[in-house]
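Asks: All residue numbers for the sequence shown refer to this note's numbering, where the first residue is 31 and numbers rise by one. Every residue, glycine too, gets a C-beta built ideally from N, C-alpha and C. Please read through the structure below; I'll follow up with questions.
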Amino acid sequence: MSKTILIVDDSLSLRLVVKMTLEGAGHTVLQAADGKQALDMLDGRQIDLILSDLNMPVLDGLGLLEHIRQHPLYASTPVIMLTTQDARHLQLRGQQQGISAWIIKPFEPPYLLAAIARLTTR
Numbered sequence: 031m032s033k034t035i036l037i038v039d040d041s042l043s044l045r046l047v048v049k050m051t052l053e054g055a056g057h058t059v060l061q062a063a064d065g066k067q068a069l070d071m072l073d074g075r076q077i078d079l080i081l082s083d084l085n086m087p088v089l090d091g092l093g094l095l096e097h098i099r100q101h102p103l104y105a106s107t108p109v110i111m112l113t114t115q116d117a118r119h120l121q122l123r124g125q126q127q128g129i130s131a132w133i134i135k136p137f138e139p140p141y142l143l144a145a146i147a148r149l150t151t152r
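This is the structure we're talking about:
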């Protein structure tokens with residue numbers, strides 16, 4: 031089933047690769063370059079899942095997650111953190127804030143698609 035997914039990453043090349051993967055699987059994709067831009071884009075839109083980088087300018091992934099979890103419309107929206115950071119303390123902080131999954135870059139597209147399917151069919 032097609033889902034609407036918001037990709038939030040300051041790397042245009044990564045956003046494009048992920049966009050191609052997701053659109054190839056039949057999903058609709060929105061893109062933002064940082065957390066603030068992502069919050070501005072939400073604006074009441076139906077978003078089924080958010081993929082976010084951890085380290086971004088303006089508003090990082092954990093800051094974005096905090097705002098999302100406080101918003102009544104998006105509080106239960108699954109959020110996958112895509113990052114090169116594998117530090118345990120960051121993962122724990124993300125879990126405490128309600129992160130749905132933590133995927134380390136680089137990742138295999140089938141792994142990402144499986145995580146999305148698992149989180150959007152609950």
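Mind checking V88: buried by the 16 CB within 10 Å criterion, or exposed?
Replies: Flag for V88 reads exposed.
Asks: Would L112 pass as a contact of L81 if the rule is Cβ separation under 8 Å?
Replies: In contact: L112 and L81 (Cβ atoms closer than 8 Å).
Asks: Are the segment 132-144 and the segment 99-108 in contact at 8 Å, needing three or more beta carbon pairs?
Replies: No, because fewer than three Cβ pairs between the segment 132-144 and the segment 99-108 fall closer than 8 Å, the two stretches do not touch.
Asks: Considering just the uninterrupted stretch of the alpha helix (DSSP H) at D83, what are its terminal residues?
Replies: Careful: D83 lies outside any alpha helix (DSSP H), inside the beta strand (DSSP E) at L79 to D83.
Asks: I129 to H97, Cα distance in whole Å?
Replies: Looking at the two C-alpha atoms, the distance is approximately 12 Å.
Asks: Decide if A147 is buried, meaning its Cβ has at least 16 other Cβ atoms within 10 Å, or exposed.
Replies: When all chains shown are included, A147 counts as exposed.
Asks: Please classify Q76: does DSSP put it in a helix, a strand, or coil?
Replies: Of the three classes helix, strand and coil, the one that applies to Q76 here is coil, per DSSP.
Asks: Please report the distance separating the alpha-carbon of L55 from that of L92.
Replies: Here the sequence assigns Ala to residue 55, which means Leu is not the residue at that position. Cα to Cα, the separation comes out at about 27 Å.
Asks: To the nearest angstrom, how far is it from the Cα of M86 to the Cα of D40?
Replies: Rounded to whole angstroms, M86 to D40 spans 6 Å at the Cα level.
Asks: Around the Cβ of L142, are there at least 16 other Cβ atoms within 10 angstroms (buried) or fewer (exposed)?
Replies: Buried: at least 16 other Cβ atoms inside 10 Å.
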